[in-house]
Amino acid sequence: MSTDKEADATADFQGELDTSNELPSDEAIRRTEKYVLLDRDGRTHTFQSLYTGHHVARRVLVVFVRHFFCGNCQEFLRSLADAVTPDALLQLPISTFIVVVGCGDPALIQMYADATACRFPIYTDPKGTLYDELGMVKTLTLGTRPAYMRKSMTKGIVDSIGQALRSVPSGLALKSGDHRQVGGEFLFEPLDVATPADEVAEHVVDVEPERKRVSWCHRMRSTRDHAEIPEIIHVLGLQEEAADGQAKHWSRGGAANVRKGSGQSLAGEIGRLQQAE
Numbered sequence: 006m007s008t009d010k011e012a013d014a015t016a017d018f019q020g021e022l023d024t025s026n027e028l029p030s031d032e033a034i035r036r037t038e039k040y041v042l043l044d045r046d047g048r049t050h051t052f053q054s055l056y057t058g059h060h061v062a063r064r065v066l067v068v069f070v071r072h073f074f075c076g077n078c079q080e081f082l083r084s085l086a087d088a089v090t091p092d093a094l095l096q097l098p099i100s101t102f103i104v105v106v107g108c109g110d111p112a113l114i115q116m117y118a119d120a121t122a123c124r125f126p127i128y129t130d131p132k133g134t135l136y137d138e139l140g141m142v143k144t145l146t147l148g149t150r151p152a153y154m155r156k157s158m159t160k161g162i163v164d165s166i167g168q169a170l171r172s173v174p175s176g177l178a179l180k181s182g183d184h185r186q187v188g189g190e191f192l193f194e195p196l197d198v199a200t201p202a203d204e205v206a207e208h209v210v211d212v213e214p215e216r217k218r219v220s221w222c223h224r225m226r227s228t229r230d231h232a233e234i235p236e237i238i239h240v241l242g243l244q245e246e247a248a249d250g251q252a253k254h255w256s257r258g259g260a261a262n263v264r265k266g267s268g269q270s271l272a273g274e275i276g277r278l279q280q281a282e
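Shown next, in the form of structure tokens:
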């Protein structure tokens, strides 16, 4: 007879978890505002400072990834980096940006950025407190293969092992983060499309950060269950042909019509603003 502990371990590898994509409440977001994240240099940043405040884009997609040696998440970020560039985001009528949050040692962030060609800032939540508060879960199940994965599983595993081995001399091989932790994507947007008066005023001091809400989110149900790239493009309000040169790939893989997240972003409003220009 198997023990409860053995049953729980076996369940880690069976099917996909039935997680919720319910949008975080305003109360939940307020609780996380002062949570501390680390950048590649070990400097601290509040979670709130990533998505609101002076010199921060009005719309911010926060991508939570697994441990820093995870080949599945690295593939997702490579595909995202190819499809959604900073230049493409600059074309949107409402300032939009992307940040990435992992759960390993901050000393591995540079390696991770190099491996994924990620052009967006990367932070880390080594204790996983933010993951827990926002409802992300832990599992080792693979789930179905997503279209954003271009490497074979074997190649991905070999590359991940290589990254870990190269980190042995620095003592970071076992500090990539919780291997059972999975992530998701959360889009923070303003309550009002109109630009706040303080944003256009010059020399403004001590202004309260613009209030934001999570308008769309997706929580992973397996270790390779990030939202497909076409869905990210859609919720950000980007033109697919301008943002992604692999439209045929997404169409052929069926990913173009896959929608994993829930909520309603300002994409429709952005489309209307672009037409009015």
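Residue 282 is where the sequence shown ends in this note's numbering, and the numbering goes up by one at each step.
Don't be surprised by glycine CBs; every beta carbon is placed ideally from N, CA and C.
- Per the coordinates, the alpha-carbon of residue 260 lies some 42 Å from the alpha-carbon of residue 212.
- Cβ neighbours of residue 36 within its own chain (closer than 8 Å, five residues either side excluded): 138.
- Within the stretch 55-127, the complete beta strand (DSSP E) runs of at least 3 residues fall at 64-69 and 101-107.
- Residue 195 carries a strand assignment under DSSP once its states are collapsed to helix, strand and coil.
- Fewer than three Cβ pairs drawn from the stretch 99-112 and the stretch 139-152 lie within less than 8 Å of each other, which leaves the two stretches out of contact.
- The secondary-structure analysis by DSSP pairs residue 217 across a beta bridge with 195.
- Residue pairing from DSSP places residue 43 in a beta bridge opposite 49 and 129.
- Residue environment analysis places residue 119 among the exposed positions, since fewer than 16 neighbouring C-beta atoms fall within 10 angstroms of its C-beta.
- Excluding sequence positions up to five before and after residue 86, its CB lies within less than 7 Å of the CB of 121, 122, 123 and 124, all in the same chain and listed in chain order.
- Sequence-distant Cβ neighbours of residue 264 in its own chain, meaning closer than 7 Å and more than five residues away, are 236.
- If you look at residue 156, you'll find it isn't in any alpha helix (DSSP H); DSSP assigns it neither H nor E.
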